[in-house]
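Student: Input: one structure, supplied below.
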Amino acid sequence: MNLSHSASPCFFDGVAIVGAGPAGLMAAETLARQGVAVQVFDAMPTVGRKFLLAGKGGLNLTHSEPATDFVTRFGPRQTQLQPWLQQFGADQVRAWAQGLGVETFVGSSGRVFPSSMKAAPLLRAWLQRLRHLGVQFQMRHRWMGWSPNGALCFNTPTGNLEIQARAVVLALGGASWSRLGSDGAWAPWLQAQGVNVAPLRPANCGFDVLHQAALGQETRRECLRELLGQSSAVGWTAHFSSRFAGQPFKSVALDFRDSAGRHFQRRGEFVATATGVEGSLVYAVSALLRDEIETHGSATFHLDLLPDHTPERVLAEVRHPRGTRSLSSHLKSRLGLEGIKMGILYEQLGKEQVHEPLVLATAIKALPITVVATRPIDEAISTAGGVALEDLDEHLMLRQCPGVFCAGEMLDWEAPTGGYLLTASMSTGVHAGQGAARWIAAQRTPTT
0 MNLSHSASPC FFDGVAIVGA GPAGLMAAET LARQGVAVQV FDAMPTVGRK
50 FLLAGKGGLN LTHSEPATDF VTRFGPRQTQ LQPWLQQFGA DQVRAWAQGL
100 GVETFVGSSG RVFPSSMKAA PLLRAWLQRL RHLGVQFQMR HRWMGWSPNG
150 ALCFNTPTGN LEIQARAVVL ALGGASWSRL GSDGAWAPWL QAQGVNVAPL
200 RPANCGFDVL HQAALGQETR RECLRELLGQ SSAVGWTAHF SSRFAGQPFK
250 SVALDFRDSA GRHFQRRGEF VATATGVEGS LVYAVSALLR DEIETHGSAT
300 FHLDLLPDHT PERVLAEVRH PRGTRSLSSH LKSRLGLEGI KMGILYEQLG
350 KEQVHEPLVL ATAIKALPIT VVATRPIDEA ISTAGGVALE DLDEHLMLRQ
400 CPGVFCAGEM LDWEAPTGGY LLTASMSTGV HAGQGAARWI AAQRTPTT
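For the sequence shown, the tail end lands on 447 under numbering that gives the first Met the number 0, and the numbers increase by one without skipping.
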């Protein structure tokens, strides 16, 4: 297809896919395998930028847990995602990777990774396959919505361009990591077409904590807004932050029950940041914490610093005579508490309460940490919100825009890290691609 910059729109007798992430590429492969011409447009200079960055520390493709458990990770949207994941789920992702010559393995956590642990070789093989199937890529083409005549409008290095295609698949991502292309700019353009778009919110994100000094004050909801207006009320103390920001809490358990009765309890790891907390264990509970903050202004979870020790043993060891030893030396020798775990006890209890045995033992097993804000959406691993699934038909076509399909993270679903995000994005890409192929076939079939 020769893309000209004439005043009239270029017509493309195929499917225009906007977004070159996993969902868009999977839609492209699905369509191309059915003989449909495909053009992929993306604002970035190269394909799959977020995919590559996500795989920098080891590309988590999917998860090996049973399908019945896998689908529950999508919370209130599991009913809608279940048929898509049944068609293209964890097993299909692994088979797809193997078809590209990429072997996978299951880690100790049940997560599935490429044997090389790298994203780049898989992406190279995938792009080679797509080009062999005839898929063409138009990079540095930023979608700017629709023209009055319904054409796709693009801003390109050589000027503005309008494209009319047989069908369109939008796979534009959410609003996190905007430097890689997912900036959420598409939302108002869809809303202008009458599409319901739930506000984009951070998911799998970090949080800012409420300063311990503020916790001793009145923190009822009516006072929280005023309290949080004070910059000194948010974040760790300067002492704790300077010593422990960037360090991990290892072998801990996190317990949280929200005001609606939803309960989370899990062992794992997370990291202290300059102003709060982030990392895998925090990401796993982030949706509950975020929703609680939105409803009540804050959320308090409890941290078990020694999940392998009973409360009775902890209390006994804390009360054990320590002679001339310091409290830190005593707890290190009796319970193995040191470093950031000792630091957080002093941070939350203060120098006086940390020397009260019952208070200290209780805190070691259930230390309250209050968070009051998510980190900015651009820092989040992913986003919640997006195109309402109720505005899509069973083939992921927008009811308000015939011939326009949506896939990936721009849809209103969320999931924890662990391979669920990538698997669902690819699954919706397959489903949208099939829907677009079905739509084109129906349009080309003469009516009698």
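A virtual CB, placed ideally from N, CA and C, is assigned to each residue, including glycine.
Quick one: what's got a C-beta closer than 8 Å to Leu-99's C-beta in the same chain, skipping five residues either side?
Tutor: Counting only Cβ-Cβ distances below 8 Å, and skipping sequence neighbours, we find Leu-121, Ala-124, Trp-125 and Arg-128.
Student: How long is the line joining the alpha carbons of His-308 and Asp-254, rounded to whole angstroms?
Tutor: Taking the straight line joining both Cα atoms gives about 16 Å.
Student: Going by the DSSP bridge assignment, what does Ala-15 pair with across the sheet?
Tutor: Partner(s): Gln-38 and Val-167.
Student: From the DSSP output, in three-state form, read off Lys-55 for me.
Tutor: It is coil, neither helix nor strand.
Student: Give a yes or no on whether the C-beta atoms belonging to Ala-22 and Gly-172 are separated by under 9 Å.
Tutor: For Ala-22 and Gly-172, yes; Cβs fall inside 9 Å.
Student: So what's Ser-381 in DSSP terms, helix, strand or just coil?
Tutor: DSSP places Ser-381 in strand when its eight states are reduced to three.
Student: Check each candidate in Gly-349, Ala-27 and Ala-372 and name the one with the smallest Cα separation from Arg-200.
Tutor: Among Gly-349, Ala-27 and Ala-372, the Cα nearest to that of Arg-200 belongs to Ala-372.
Student: Can you give me the start and stop residues for the beta strand (DSSP E) that Ile-368 sits inside?
Tutor: 366 to 373 is the extent of the beta strand (DSSP E) around Ile-368.
Student: When we look at the beta-carbon of His-210 and count the other beta-carbons within 10 Å, is it buried (16 or more) or exposed?
Tutor: By the 10 Å Cβ count, His-210 comes out buried.
Student: Considering only C-alpha positions, which residue in the set Ala-298, Arg-398, Asp-41 and Val-35 is nearest to Asp-182?
Tutor: Of the candidates Ala-298, Arg-398, Asp-41 and Val-35, the one whose C-alpha sits nearest the C-alpha of Asp-182 is Asp-41.
Student: Can you give me the C-alpha to C-alpha distance between Ala-27 and Leu-132, rounded to a whole angstrom?
Tutor: Using only the alpha carbons, I get a separation of about 9 Å.
Student: If you reduce the DSSP assignment to three classes, tell me which class Gly-245 lands in.
Tutor: Reduced to three states, the DSSP call for Gly-245 is coil.
Student: Does the beta-carbon of Ser-175 have 16 or more other beta-carbons within 10 angstroms, so that it is buried, or is it exposed?
Tutor: Ser-175 is buried by the Cβ-count criterion.
Student: Return the chain-ordered list of same chain residues with a C-beta closer than 7 Å to the C-beta of Gly-417, the five sequence neighbours on each side being excluded.
Tutor: Asn-59, His-62 and Arg-110, listed in sequence order.
Student: Span of the beta strand (DSSP E) holding Ala-436?
Tutor: Run containing Ala-436: none in the beta strand (DSSP E); it sits in the alpha helix (DSSP H), 419 to 443.
Student: Suppose you measure from the CA of Ala-440 to the CA of Phe-136; what does that come to, to the nearest Å?
Tutor: For Ala-440 and Phe-136, the distance between alpha carbons rounds to 23 Å.
Student: Contact defined as beta carbons within less than 8 Å: I believe Glu-268 pairs with Ser-285. What is the distance between those atoms, to the nearest angstrom?
Tutor: Incorrect: roughly 15 Å between the Cβ atoms, too far for contact.
Student: Rounded to whole angstroms, what's the CA-CA distance from Gly-234 to Thr-299? Just pull it up for me.
Tutor: Using only the alpha carbons, I get a separation of about 14 Å.
Student: According to DSSP, simplified to helix, strand and coil, what is Ser-250?
Tutor: Reduced to three states, the DSSP call for Ser-250 is strand.
Student: Would you list the one or two residues that DSSP bridges to Gly-260?
Tutor: None, per the DSSP bridge assignment.
Student: Residues in the same chain with beta-carbon distance under 6 Å from Gly-54, minus the five sequence neighbours each way, listed in chain order, please.
Tutor: Excluding residues within five positions, the ones whose Cβ falls inside 6 Å are Ala-118.
Student: I think Arg-48 touches Leu-179, with their Cβ atoms under 8 Å apart; what is that distance to the nearest whole Å?
Tutor: About 4 Å; that satisfies the 8 Å criterion.
Student: Do the CB positions of Val-134 and Ala-436 come within less than 9 Å of each other?
Tutor: Cβ atoms of Val-134 and Ala-436: not closer than 9 Å.
Student: Mind reading off the beta-carbon distance from Ser-297 to Thr-369? Whole number of angstroms is fine, and I expect it under 8 Å.
Tutor: The pair is a contact, with the Cβ atoms about 5 Å apart (cut-off 8 Å).
Student: Considering only the beta carbon of each residue, do Arg-76 and Asp-392 sit closer than 9 Å?
Tutor: No, these two residues do not count as a Cβ contact at 9 Å.
Student: Closer than 8 Å is the cut-off here; do at least three beta carbon pairs connect the stretch 423 to 432 with the stretch 152 to 167?
Tutor: Contact fails: fewer than three Cβ-Cβ distances are below 8 Å.
Student: Bridge partners for Gly-267 per DSSP, in chain order?
Tutor: BP columns for Gly-267 point to Val-251.
Student: Under 9 Å between the Cβ atoms of Gly-402 and Arg-130?
Tutor: Not closer than 9 Å, so no.
Student: Output the distance between the C-alpha atoms of Thr-422 and Glu-311, rounded to the nearest integer angstrom.
Tutor: So the alpha carbons of these two residues sit roughly 43 Å apart.
Student: Would you tell me roughly how many angstroms separate the C-alpha atoms of Pro-303 and Asp-390, rounded to the nearest one?
Tutor: The question names Pro, but residue 303 is Asp in the sequence shown. Straight-line Cα distance between these residues: approximately 43 Å.
Student: Can you list, in chain order, the residues of its chain whose CB lies under 6 Å from that of Thr-274, leaving out five sequence neighbours each side?
Tutor: Same-chain partners within the cutoff: Asp-207 and Gly-234.
Student: What is the residue span of the alpha helix (DSSP H) that Arg-289 lies within?
Tutor: Element bounds for Arg-289: 279 to 295.
Student: Return the CA-CA distance between Phe-11 and Leu-51, expressed in angstroms with no decimal places.
Tutor: Spanning the two alpha carbons is a distance of roughly 30 Å.
Student: Just the C-alpha distance for Pro-8 and Gly-144, rounded to the nearest angstrom, thanks.
Tutor: Cα to Cα, the separation comes out at about 14 Å.
Student: By a C-beta neighbour count over all protein chains shown, 10 Å radius and 16 as the cutoff for buried, is Pro-320 buried or exposed?
Tutor: Classification of Pro-320: exposed, given that the 10 Å Cβ count is below 16.
Student: Buried or exposed for Phe-153, going by 16 or more other Cβ atoms inside 10 Å?
Tutor: That one is buried.
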